Amino acid sequence: MLSLHLGLRLTLIGMTLDILLPVGGKEHNYIFDASELDCPGNVTYGPITLTAYHPLFDSERKRDYLDIENRKLYTLQEYLDNRAPYVTVGMDPDLRLPYGKEACIPELNRHFRRAVRLQVRDTHEDLRGGGYRRVDICVRTQEDSYDDIVNLLQVTLVL
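Going left to right, the sequence shown walks through residues -25 to -1, 1 to 134 as mature numbering (1 follows the signal peptide of the UniProt record, and there is no 0) numbers them.
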């Protein structure tokens, strides 16, 4: 009886491991090679303050749920769920960065163990005067904006 119980238990553990471990090592969206988490780019700024904002879909102002070109805001959570091509970030309008400028924050890459693709597609008057010292990242909800990884974190920005 003991050997039957042990055999069933080992079978269940094996089935659980098959579910948890990817076959062939390519069925995950996480990068385990640390060099793949490096940010491409020519210029590094830091420390900068990372803050979060979220779309207000119940607002009558389109500006509360669309970017500066009246396009959809893509959130960090949508990107992590593989439902968005990038994450919308906002920066100081006085910088006059080109719409869609690629940006990278290595701390986010390391935290999520994958390259988080950021694009500067938004701005706000609250960001004016901040220069390269602040980046506002779009998140799904107000509750998501309280997450320590996106709330007043001191990070490095690579453009």
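Note that beta-carbon positions come from the ideal geometry of N, C-alpha and C, so glycine has one too. For clarity, every value in this text was computed on a predicted model and none was experimentally measured.
Taking residue i as the reference, give the member of the options with the closest Cα.
| i | options | result |
| --- | --- | --- |
| D69 | D56, L127, E100 | E100 |
| V110 | L12, V62, E118 | V62 |
| V18 | D56, E77, E11, N45 | E77 |
Which residues in the same chain have their Cβ closer than 7 Å to the Cβ of residue i, if we skip the five residues on either side of it in sequence?
| i | result |
| --- | --- |
| T116 | H29 |
| Y40 | P30, L31, F32, S34, L48 |
Closer than 8 Å by C-beta to residue i: which residues in its own chain qualify, once you throw out the five before and the five after it? Chain order, please.
| i | result |
| --- | --- |
| G75 | Q94, V95, R96 |
Using the Cβ count rule (16 or more neighbours within 10 Å means buried), how would you classify residue i?
| i | result |
| --- | --- |
| Y54 | buried |
| G65 | buried |
| D123 | exposed |
| D67 | buried |
| G16 | exposed |
Identify the residues that DSSP records as bridge partners of residue i: which are they?
| i | result |
| --- | --- |
| V133 | T19, C79 |
| residue 152 | The structure shown does not extend to residue 152, since the chain spans only -25 to 134, so no value can be given for it. |
| D97 | G65 |
Starting from the C-beta of residue i, find all residues in its chain whose C-beta is less than 6 Å away, skip the five residues before and the five after it, and write them out in chain order.
| i | result |
| --- | --- |
| Q129 | P22 |
### Task
Return the chain-ordered ranges of every alpha helix (DSSP H) run that is complete within the stretch 32 to 71 and spans a minimum of 4 residues.
Every unbroken stretch of the alpha helix (DSSP H) spanning 4 or more residues and falling wholly within the stretch 32 to 71 is given here in chain order: 51 to 55.
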